[in-house]
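Heads up, the sequence shown is in our numbering, so the first residue is -5 and it goes up one at a time.
For glycine and all other residues, C-beta sits at the position ideal for the given N, C-alpha and C.
Since the structure is predicted, the reported quantities are computational estimates derived from the model, not experimental observations.
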Amino acid sequence: MGRQALHDGWTLRAAPGAQVPAEIAGRAVPATVPGCVHTDLLDAGLILDPYLDDNELALAWIGRADWTYRTTFTHTPGDDDRIDLVCAGLDTVATITLNGVPVGRTENMHRGYRFDVRSLLRDGDNDLTVSFDSAYRYAEAQRDRLGDRPNAYPEPFQFIRKMACNFGWDWGPTLVTAGIWQDIGLHAWSTARLATVRPLVTVDGRDGRVELHVEVERAADFPLTVRATVAGVSADVVVPARQRTAVLTLAVREPALWWPRGYGEQARHLLEVTLHTPDGDTLDGWSRPVGFRSVRLDTTPDEHGTPFVLSVNDVPVFVRGVNWIPDDVFPTRITRERLAGRFEQAADANVNLLRVWGGGRYESEDFYDLADERGLLVQQDFLFACAAYPEEEPFGSEVAAEATEQVIRLAPYPSLVLWTGNNENIWGWHDWDWQEPLAGRTWGRGYYLDVLPRIVGELDPTRPYWPGSPWSGTDDIHPNDPAHGTTHIWDVWNTDDYTRYREYVPRFVAEFGYQGPPAYATLRRAISDEPLAHDSPGMAHHQKATGGDAKLQRGLDAHLPAPAGFDDWHYLTQLNQARAIQLGVEHFRSHRGVCAGTIVWQLNDCWPVTSWSAVDGDGRRKPLWYALRHAYADRLLTVQPRDGGLALVAVNDGGTSWRASASVTRVTLAGEPRAKTTMELDVPAYSAVTLALPADVARPDEARRELLVAEAGDTAERALWFFAEDRDVDWPTAAWDATVEPFDGGQRVRVTARSVLRDLTLFPDRLDASASVDQALVTLLPGESATFTVRADGLVDEAALVARPVLRCVNDLG
């Protein structure tokens, strides 16, 4: 058995067509495999970077052209029974030809293909071509054949099994890719091979169990032996002649368990599987680390409706999640190192779950392995988003094949705890005026309520399946009813002020978000506008949401002083994004016991853009990230409206009880106390306690000049409550003293307030694109100090570091 990667010597050529520019037509371009057309043309200097300014618009022709990849490789014949051409991922409509003979055709980016090519190979040089039809032409032809169906964008993305967001989204560019996007190579084997290995790993009490399902592909019909070993336990089973499947069970007594981060260790055990001849010769092998853990989803109706409580190892987990989109439009640029950095950002923000959104892709092995390693739970959508999807052929068969492959591929990963049928499609059918234009045509219901649950039930019964996000649990209840199952809250961004979050007490919020622009250094790398303005051409192009700027302005008008220029606008819109999500998360967490989780839209971006992300397209943390870190802390103090007054809520997501003395003080902006109360906190593990505040503390004498400060020593970050919106507060002129002290790797900036400083934030990337800072959104009362640690490739100008527009606060505008 041997493998030969076919990644070298490729060239790329556009098929003749009127849309192909003269400088590219007929030209053979060196191609990187795995890769795609866009990155190859970019590497060759034949196109401009689509992420900069409005270059994207000039590249629309790429998705409408046909492309051919070609390479020549050397082969030496052997005595193998089979030689397969294995294509792990082709994007998307491809015809494969070997030495002039058609080998096969593919129509699905989300699955792999294997072709027997032994009879076609020659001794010496062999010519391999992979020709890609235009994704647009294919999708539009399927649309015309089957009848159009509604979706969220004027693109035919639901008529091709391809990453939907390639066709543009309200945060992403329209860059319709083509190419050999995953490994391609030859696999030579004899007698038999392991076609699929599917471990179902569970826990019964304290004991672990691996039910191992194996499928073999044969070139000879005699008995085979499958042997498996995990955690010091071995078992084997004979696969009789002419049979292809076998099941064996390994029982492990009291193994170390795998836990989500914050709940325990992420113990993993190497599972090794080998295939043998009757003589004991090894034919094939497979190995993966697995984790022993149980997963349960509780949706038993209660007095509040239908809960949605995820339990791991019988411990309910309050989900502190973020939605994940592809981290780059071009997947081969996403390295394990880059994913590790993004996962570190998620964990450092106290996130415990990533939801892989249905308009992107099934992620790489590195993604799920890192999630296992870091203890980050994964909710995996099947790839359907914001559209009515046809169920006719070839799509019905493709969806079943794709789902089968991906469920088997991802079975070993303990971090994967939930399969979800789609993103917003059931909701769309109910509320987005789809039913009349559909006129009875299929729209995906059969996938979500029949095909996918059947595949998951047969192949992966260790994990729960939920038909959609959102979904109430039954056809009898509106799919986005907050009292039942999962809900998405988008009226806040689209039509209402973010204080409306407080009108919801949902069971589980799977999406909610608020926009803000990326970091200044990210904008400056991507946009050449002079001067830079919120509505300058480049900024406008990098705002993909309909009416996005108007919605940002509506949020500013409701809460903050008017910006005097772009620097103010940039700071305040980033701040308002952070404020909105912090308010929502703290409110939802304060109702722990009814609400069982929140998944913020979204962690990351795929390019430089104004969006809902906490980490921008260049990987820089926006102020939202710091707000999320605070709001998702294991121990959270928050002041919340309750029953016409105010209450202090202490939320404990730690595994031990939280006992502390808390004080809540009503003070003036000058820091002078007006009223105070002391409360003893005794919050059991994984719970919340609500304590009403006395009226003399909760009611201000002068709303525009007072705030509440809640503290519990060093057991949690303090909480603040302002009685008036910032735009109405009688802010004093900001005054502070600052010192800068260099250290190896950066500088420490110590700021001491001489007046109140509201949401003091340092933006060192304005001075050095490599610079980052450890904290943001710090409110200081007079006499208080904060130290910001800045890290950069070199020292940053000290005077500029402590002056506007680098060092900002709300009461320092204009």
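Of the choices the options, whose alpha-carbon is the least far from that of residue i?
{"i": "residue 197", "options": "613, 408 and 436", "result": "408"}
{"i": "residue 39", "options": "25, 51 and 47", "result": "25"}
{"i": "residue 633", "options": "703, 19, 571 and 669", "result": "703"}
{"i": "residue 698", "options": "691, 164 and 720", "result": "720"}
{"i": "residue 629", "options": "452, 312 and 202", "result": "312"}
{"i": "residue 7", "options": "-2, 13 and 21", "result": "21"}
{"i": "residue 400", "options": "386, 424 and 453", "result": "453"}
{"i": "residue 89", "options": "391, 423, 64 and 566", "result": "64"}
{"i": "residue 463", "options": "476, 451 and 470", "result": "476"}
{"i": "residue 685", "options": "711, 693 and 656", "result": "656"}
{"i": "residue 110", "options": "92, 474 and 125", "result": "92"}
{"i": "residue 289", "options": "307, 281, 272 and 274", "result": "307"}
{"i": "residue 13", "options": "41, 660 and 55", "result": "55"}
{"i": "residue 758", "options": "513, 396, 282 and 501", "result": "513"}
{"i": "residue 176", "options": "504, 775, 113 and 81", "result": "81"}
{"i": "residue 425", "options": "766, 460, 387 and 381", "result": "381"}
{"i": "residue 700", "options": "679, 711 and 726", "result": "726"}
{"i": "residue 673", "options": "347, 231, 680 and 659", "result": "659"}
{"i": "residue 101", "options": "541, 114, 87 and 113", "result": "87"}
{"i": "residue 551", "options": "762, 539, 599 and 490", "result": "490"}
{"i": "residue 83", "options": "113, 356 and 601", "result": "356"}
{"i": "residue 527", "options": "157, 558, 72 and 784", "result": "558"}
{"i": "residue 240", "options": "344, 502, 79 and 207", "result": "207"}
How should residue i be labelled, buried or exposed, when 16 other C-beta atoms within 10 angstroms of its C-beta is the threshold for buried?
{"i": "residue 800", "result": "buried"}
{"i": "residue 95", "result": "exposed"}
{"i": "residue 237", "result": "exposed"}
{"i": "residue 264", "result": "exposed"}
{"i": "residue 374", "result": "buried"}
{"i": "residue 647", "result": "buried"}
{"i": "residue 52", "result": "exposed"}
{"i": "residue 297", "result": "exposed"}
{"i": "residue 466", "result": "buried"}
{"i": "residue 11", "result": "exposed"}
{"i": "residue 125", "result": "buried"}
{"i": "residue 500", "result": "buried"}
{"i": "residue 488", "result": "exposed"}
{"i": "residue 118", "result": "exposed"}
{"i": "residue 342", "result": "exposed"}
{"i": "residue 537", "result": "buried"}
{"i": "residue 330", "result": "exposed"}
{"i": "residue 713", "result": "buried"}
{"i": "residue 33", "result": "buried"}
{"i": "residue 116", "result": "exposed"}
{"i": "residue 599", "result": "buried"}
{"i": "residue 72", "result": "exposed"}
Can you round the beta-carbon distance between residue i and residue j to whole angstroms, since I take them to be within the 8 Å contact cut?
{"i": "residue 654", "j": "residue 706", "result": "4 Å"}
{"i": "residue 378", "j": "residue 438", "result": "6 Å"}
{"i": "residue 782", "j": "residue 756", "result": "5 Å"}
{"i": "residue 616", "j": "residue 510", "result": "6 Å"}
{"i": "residue 591", "j": "residue 257", "result": "Contact flag wrong, Cβ pair sits at about 14 Å."}
{"i": "residue 267", "j": "residue 229", "result": "Their Cβ separation, rounded to whole angstroms, is 10 Å, which puts residue 267 and residue 229 out of contact at 8 Å."}
{"i": "residue 273", "j": "residue 183", "result": "That belief does not hold up - the Cβ atoms of residue 273 and residue 183 are roughly 17 Å apart, past 8 Å."}
{"i": "residue 43", "j": "residue 35", "result": "In fact, because the Cβ distance is near 11 Å, the residues do not count as touching under 8 Å."}
{"i": "residue 204", "j": "residue 309", "result": "No, residue 204 and residue 309 are not in contact; Cβ-Cβ is about 22 Å, not under 8 Å."}
{"i": "residue 734", "j": "residue 795", "result": "6 Å"}
**Study point:** 4-residue-minimum alpha helix (DSSP H) runs that sit fully inside the stretch 539 to 580, ordered along the chain
**Key:** Fully enclosed alpha helix (DSSP H) runs of 4 or longer: 542 to 553.
Point to revise | Complete alpha helix (DSSP H) runs within the stretch 581 to 610 (minimum length 4 residues, chain order) | key: Taken in chain order, the whole alpha helix (DSSP H) runs of length 4 or more contained in the stretch 581 to 610 number zero.
Check your understanding: Hey, which unbroken runs of the beta strand (DSSP E) at 3 residues or more fall wholly within the stretch 80 to 138?
Key -> Counting only runs of 3+ residues, the beta strand (DSSP E) found wholly inside the stretch 80 to 138 occupies 87 to 92, 95 to 101, 107 to 110 and 118 to 126, in chain order.
Exercise for review: Please go through the stretch 467 to 531 and give each complete alpha helix (DSSP H) segment of 4 or more residues, from N-terminal end onward.
Suggested key: Runs found: 485 to 488 and 514 to 520.
Check your understanding: So does the stretch 430 to 438 actually touch the stretch 139 to 150, counting three or more Cβ pairs closer than 8 Å?
Key -> Touching, yes.
Point to revise | Sequence ranges, alpha helix (DSSP H) only - wholly within the stretch 409 to 462, length at least 4 | key: Runs found: 419 to 425, 429 to 432 and 446 to 453.
Practice item. Could you say if the stretch 162 to 179 and the stretch 390 to 404 meet the contact criterion of at least three C-beta pairs nearer than 8 Å? Key: In the pairwise beta carbon analysis, the stretch 162 to 179 is classified as not touching the stretch 390 to 404: fewer than three pairs are separated by under 8 Å.
**Study point:** Three-pair Cβ contact test at 8 Å for the stretch 360 to 370 versus the stretch 416 to 424
**Key:** No, the stretch 360 to 370 does not touch the stretch 416 to 424.
Check your understanding: What residue ranges within the stretch 761 to 795 form continuous alpha helix (DSSP H) runs of no fewer than 4 residues, ordered along the chain?
Key -> 792 to 795, all fully within the stretch 761 to 795.
Exercise for review: Identify every run of the beta strand (DSSP E) within the stretch 196 to 240, keeping only runs that are complete inside it and at least 3 residues long; order them along the chain.
Suggested key: Every beta strand (DSSP E) stretch that sits fully inside the stretch 196 to 240 and reaches 3 residues is listed by chain position as 201 to 212, 218 to 224 and 227 to 233.
Check your understanding: Would the stretch 770 to 778 and the stretch 744 to 756 be scored as touching if the rule is three or more Cβ pairs under 8 Å?
Key -> Segments in contact, yes.
Practice item. For the stretch 571 to 591 and the stretch 730 to 750, state whether three or more C-beta atom pairs, one from each stretch, are separated by less than 8 Å. Key: Under the three-pair Cβ rule at 8 Å, the stretch 571 to 591 does not count as touching the stretch 730 to 750.
Check your understanding: Are at least three pairs of beta-carbons, each pair with one atom in the stretch 181 to 195 and one in the stretch 273 to 287, less than 8 Å apart?
Key -> Contact holds: three or more Cβ-Cβ distances are below 8 Å.
Practice item. Enumerate, from N- to C-terminal direction, the unbroken beta strand (DSSP E) stretches of 3 or more residues contained entirely within the stretch 679 to 755. Key: For the beta strand (DSSP E) assignment, the uninterrupted runs of no fewer than 3 residues enclosed by the stretch 679 to 755 are, from N- to C-terminal side, 681 to 686, 700 to 705, 713 to 716, 730 to 737 and 740 to 747.
Review point. Are there three or more Cβ pairs, one per stretch, closer than 8 Å when the stretch 562 to 576 is compared with the stretch 607 to 627?
Key: Segments in contact, yes.
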